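Right, one structure below, let's go through it.
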Amino acid sequence: MTSGTELIPAPLAVEGPYRCGFVVDDDTTLWAGPGTATTERWLRATLGAAYGLRLPPGAAHAPGSLRLLVDDSLAPEAYQLRVAGHLGIEIRGGDPAGVFWGAQTLRQLLGPDAFRRAPVRPGISFGVPVQTIEDSPRFRWRGLLLDVARHFMPKEGVLRYLDLMAAHKLNVLHFHLTDDQGWRIEIEKYPRLTEIGSWRSRTKFGHRASPLWDERPHGGFYTQDDIREIVAYAAERHITVVPEIDVPGHSQAAIAAYPELGNTDVIDTTALSVWDTWGINPNVLAPTDNTLRFYEGVFEEILELFPSRFVHIGGDECPRDQWRRSPTAQARIQELGLADEDELQAWFVGHFDKWLSARGRRLIGWDEILEGGLAEGATVSSWRGYAGGIAAARAGHDVVMCPEQQVYLDHRQDGGPDEPVPIGYVRTLEDVYRFEPVPPELTPEEAARVLGTQANVWTEVTEDQARVDYQAFPRLAAFAEVAWSRLPAPAERDFADFERRMDAHYARLDALGVAYRPPTGPRPWQRRPGVPGRPIDGPPPNR
Ligand code: ACM
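In terms of the working numbering, the sequence shown opens at residue 41 and continues consecutively.
In structure tokens:
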């Protein structure tokens with residue numbers, strides 16, 4: 041039996057729990073009001089698998105029922121969950137998503153076995169204590185970035201992560217689909233993007249300074265049907281998938297597939313292959329009409345596949361060196377009357393800002409898009425700390441806060457020698473719990489520009505699902521609470537209480553089969569002695 045005092049993320053308010061309760065068993069019926077079909081399907085599928093509960097349809101006010109309804113007197117995504125003795129359980133949501141988040145809370149109340157995929161104790165019935173939970177999210181953008189470019193995550197893994205996100209009330213998957221090291225989405229108009237761009241012949245093992253290589257080819261991509269399935273699976277869970285196609289930097293895989301996209305007047309781009317190591321790559325897109333038309337063709341297919349209002353265009357880490365040396369790029373700077381290469385990048389981003397706006401979408405990019413002037417409709421993902429987000433919010437732009445110093449979950453979570461992925465800042469579970477997405481220097485009006493926050497899982501040194509689990513958990517649970525719950529200021533947060541609730545949550549993660557980092561340190565099989573990392577004392581950033 042679990043009560044509202046063991047939930048993660050913590051709800052806004054819990055009344056109770058009281059001693060008596062409602063017994064959920066095979067006689068429990070389900071009444072689903074208008075607008076609650078996703079939750080109805082999810083509950084039957086999830087509790088049917090975990091407990092063998094049939095949840096047959098029942099009358100609206102039948103005693104012993106589970107009732108789902110939308111009540112628009114509640115805020116979007118808010119819910120109220122009432123467990124009322126023999127009468128049953130009612131989840132009211134301000135909208136269909138609110139009902140769904142209420143169902144996620146109910147699953148936690150039903151004990152860790154509710155997170156399994158088949159009954160381990162068939163025929164069991166259990167009581168849920170009488171209580172009322174009122175809840176609503178602090179932020180409307182509660183994101184997770186998955187980098188499937190550096191190491192490909194097969195579709196099954198992505199669907200699993202969508203389930204894990206839903207269980208933590210996260211609602212935006214920032215899907216990092218392209219990079220120097222791989223192009224992961226089928227584009228029908230340009231088949232070589234995946235024929236050539238989705239495979240590399242070998243891979244640097246460990247930090248980029250490491251002398252080691254994994255000499256096996258690595259790659260993979262999602263077909264358009266895979267993407268449709270991922271997007272639909274996410275939508276069933278009230279998660280939006282924001283695709284990222286990175287331009288004009290981080291593009292070597294695309295240039296390897298279509299050499300004319302690169303700065304052909306500076307280097308022989310036909311000699312480039314999909315990149316096999318890490319770091320900031322000098323081979324960036326040429327600022328030509330041909331490149332713009334090519335990427336419009338890419339984005340046309342992206343818009344058909346992804347209903348998300350936001351489309352991420354990257355914009356980060358685009359070295360200017362080739363543009364400085366390229367007569368074509370310099371001629372473009374002259375012709376457009378631009379001051380320098382920064383403005384050339386701003387022109388490139390501005391083109392896609394207008395292009396996306398004309399199609400009813402909104403451009404989002406990393407904070408480098410501030411350099412050379414921020415495009416009119418752009419939203420900023422602030423990753424190099426808070427500064428980019430502060431500047432953007434002050435200029436009246438929307439912001440997603442994801443500073444690498446706090447919420448890059450590929451970074452090590454302990455300073456000890458056993459940490460298997462020794463890169464980045466040391467960021468412990470407690471550090472993430474004390475992360476504050478809204479910097480104090482923003483006025484209330486500026487703070488309202490912070491749409492929310494996002495944890496980023498880059499995968500240079502995280503080559504499979506078990507490694508991603510290790511990096512993401514348990515810190516993603518702390519992050520989810522930061523994104524959802526209305527926590528006090530960082531220094532006043534009750535980390536001891538979070539740890540107490542984590543005791544219950546580890547049992548849920550175990551039932552889900554998440555290979556998290558235990559609080560005592562990595563399990564023996566999670567250690568990876570000898571993986572070349574980066575000294576902790578060096579200057580950041582240090583992926
Ligand atoms: C980034 O980490 N380059 C966005």
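Note that beta-carbon positions come from the ideal geometry of N, C-alpha and C, so glycine has one too.
Note that this is a predicted model, so its numbers are computed, not measured.
### Task
State yes or no: is the C-beta of Glu255 nearer than 7 angstroms to some heavy atom of the ligand ACM?
At a cut-off of 7 angstroms, the beta-carbon of Glu255 does not count as near the ligand ACM: no heavy atom of the ligand is closer than that.
### Message
Less than 8 angstroms between the C-beta atoms of Ala517 and His126, yes or no?
### Response
Cβ distance not < 8 angstroms, so Ala517 and His126 don't count as in contact.
### Task
Could you say which of Pro462, Val447, Glu416 lies nearest to Ala432 if we only look at CA atoms?
It is Glu416 whose Cα lies nearest to the Cα of Ala432.
### Query
Could you give the C-beta distance for Ile430 and Glu383, rounded to a whole number, given that I count them as a contact under 8 angstroms?
In this structure Ile430 is not in contact with Glu383, their Cβ atoms being roughly 22 angstroms apart against a cut-off of 8 angstroms.
### Message
Count Cβ pairs between the segment 172-187 and the segment 313-322 that sit closer than 8 angstroms; are there 3 or more?
### Response
Pairwise C-beta distances place the segment 172-187 out of contact with the segment 313-322, as fewer than three of them are shorter than 8 angstroms.
### Task
Taking Arg157 as the reference, give the member of Arg84, Trp223, Tyr473, Pro49 with the closest Cα.
Ranking Arg84, Trp223, Tyr473, Pro49 by Cα distance to Arg157 puts Arg84 first.
### Query
Is Pro579 buried or exposed, if buried means 16 or more other CB atoms sit within 10 Å of its CB?
Because Pro579 sits at a pLDDT of 45, beneath the cut-off of 50, its placement in the model cannot be relied upon, and the following sentence gives the value as read from the coordinates. By the neighbour-count rule (16 or more Cβ atoms within 10 Å), Pro579 is not buried but exposed.
### Query
What first and last residue would you give for the beta strand (DSSP E) that runs through Phe334?
Note, Phe334: premise wrong, no beta strand (DSSP E); alpha helix (DSSP H) at 329-345.
### Query
My guess is that Tyr426 and Pro484 are in contact by the Cβ rule of under 8 angstroms, so how many angstroms apart are they, rounded?
Rounded, the Cβ-Cβ distance is 17 angstroms, inconsistent with contact.
### Query
Would DSSP call Gln120 helix, strand or coil?
Reduced to three states, the DSSP call for Gln120 is strand.
### Task
Spatial neighbours of Tyr273 within its chain, please: CB distance less than 6 angstroms, with the 5 preceding and 5 following residues excluded, ordered by chain position.
Closer than 6 angstroms at the Cβ level, and outside the excluded window around Tyr273, lie Leu199, Leu202.
#### Entry: Secondary structure, alpha helix (DSSP H): runs of 4+ residues fully inside the segment 190-238
The segment 190-238 contains these whole alpha helix (DSSP H) runs: 195-207, 232-235.
### Task
Return helix, strand or coil for Gly259, following the three-state DSSP convention.
Three-state result, Gly259: strand.
### Query
Roughly how many whole angstroms lie between the Cα atoms of Ala369 and Ala293?
Ala369 and Ala293 have their C-alpha atoms spaced approximately 21 angstroms apart.
### Task
Report the rounded CA-to-CA distance for Ala281 versus Gln511, giving the unit in angstroms.
According to the sequence provided, residue 281 is Val. The question's Ala does not apply to it. Those two C-alpha atoms are separated by around 21 angstroms.
### Task
Look at Glu500 and Arg190 and say whether their C-beta atoms are less than 8 angstroms apart.
Result yes, Cβ atoms of Glu500 and Arg190 sit closer than 8 angstroms.
### Query
Grouping DSSP H, G and I as helix and E and B as strand, with all else coil, what is Ile270?
It is helical.
### Query
Which residue from Ala206, Gly183, Gly390 puts its Cα closest to that of Phe215?
Nearest C-alpha to Phe215: Gly183.
### Message
Contact defined as beta carbons within less than 8 angstroms: I believe Thr68 pairs with Val54. What is the distance between those atoms, to the nearest angstrom?
### Response
In fact, because the Cβ distance is near 22 angstroms, the residues do not count as touching under 8 angstroms.
### Query
Do the segment 234-248 and the segment 373-387 meet, that is, are 3 or more Cβ pairs less than 8 angstroms apart?
No: fewer than three Cβ pairs fall under 8 angstroms.
### Task
Within the same chain, show all residues whose beta-carbon is closer than 7 angstroms to that of Arg452, passing over the 5 residues directly before and after it, in chain order.
Counting only Cβ-Cβ distances below 7 angstroms, and skipping sequence neighbours, we find Glu459, Val461, Pro462, Ile463, Gly464, Val466.
### Message
Per DSSP, what are the beta-bridge partners of Glu532 in this structure?
### Response
Note: Glu532 sits in no beta bridge, so no partner.
### Query
How is the beta strand (DSSP E) around Asp187 delimited, first residue to last?
It spans 181-187 - the beta strand (DSSP E) in which Asp187 sits, taken as one unbroken run.
### Query
At what residue ranges does the segment 371-441 contain a whole run of the beta strand (DSSP E), taking only runs of 3 or more?
DSSP runs (the beta strand (DSSP E)) wholly in the segment 371-441: 402-406, 419-422, 439-441.
### Task
Round the Cβ separation of Phe155 and Ala551 to the nearest angstrom and send it over; I've been treating them as touching at under 8 angstroms.
Between Ala551 and Phe155 the Cβ distance is about 4 angstroms, and since that is below 8 angstroms, they are a contact.
### Task
In angstroms with no decimal places, state the Cα-to-Cα distance between Gly134 and Ala77.
Between Gly134 and Ala77, the C-alpha separation is close to 14 angstroms.
### Task
Name the residue from Leu491, Ser525, Val472 whose alpha carbon lies nearest to the alpha carbon of Val212.
Check the Cα spacing between Val212 and each of Leu491, Ser525, Val472: the tightest is with Leu491.
### Query
Any chance the segment 283-301 sits against the segment 351-367, with 3 or more Cβ pairs inside 8 angstroms?
Between the segment 283-301 and the segment 351-367 there are three or more inter-stretch CB-CB distances shorter than 8 angstroms, so the stretches are counted as touching.
### Query
Between Glu340 and Leu396, what straight-line distance do the alpha-carbon atoms span, to the nearest angstrom?
Spanning the two alpha carbons is a distance of roughly 10 angstroms.
### Query
How would you label His101, buried or exposed, when you count the other beta carbons within 10 angstroms and need 16 or more for buried?
Exposed: under 16 other Cβ atoms inside 10 Å.
### Query
Between which two residues does the alpha helix (DSSP H) carrying Gln505 extend?
Its alpha helix (DSSP H) spans residues 505-512.
### Query
Start and end of the alpha helix (DSSP H) containing Gln144?
Per DSSP, Gln144 is one residue of the alpha helix (DSSP H) stretching across 136-149.
### Query
Using a Cβ-Cβ cut-off of 8 angstroms (strictly less than) and excluding sequence neighbours within five positions of Pro283, which residues of its own chain qualify?
So the qualifying residues of the chain are Phe215, Leu217, Ile225, Ile342, Leu345, Phe346, Ser348, Val351, His352.
### Query
Can you find a heavy atom of the ligand ACM that lies under 7 angstroms from the Cβ of Trp318?
Not so, every heavy atom of the ligand ACM lies at least 7 angstroms from the Cβ.
### Query
When we look at the beta-carbon of Ile227 and count the other beta-carbons within 10 Å, is it buried (16 or more) or exposed?
Result: buried.
### Task
From the DSSP output, read off the bridge partner residues of Gly61.
DSSP, once it has assigned bridges, lists Pro169 as partnering Gly61.
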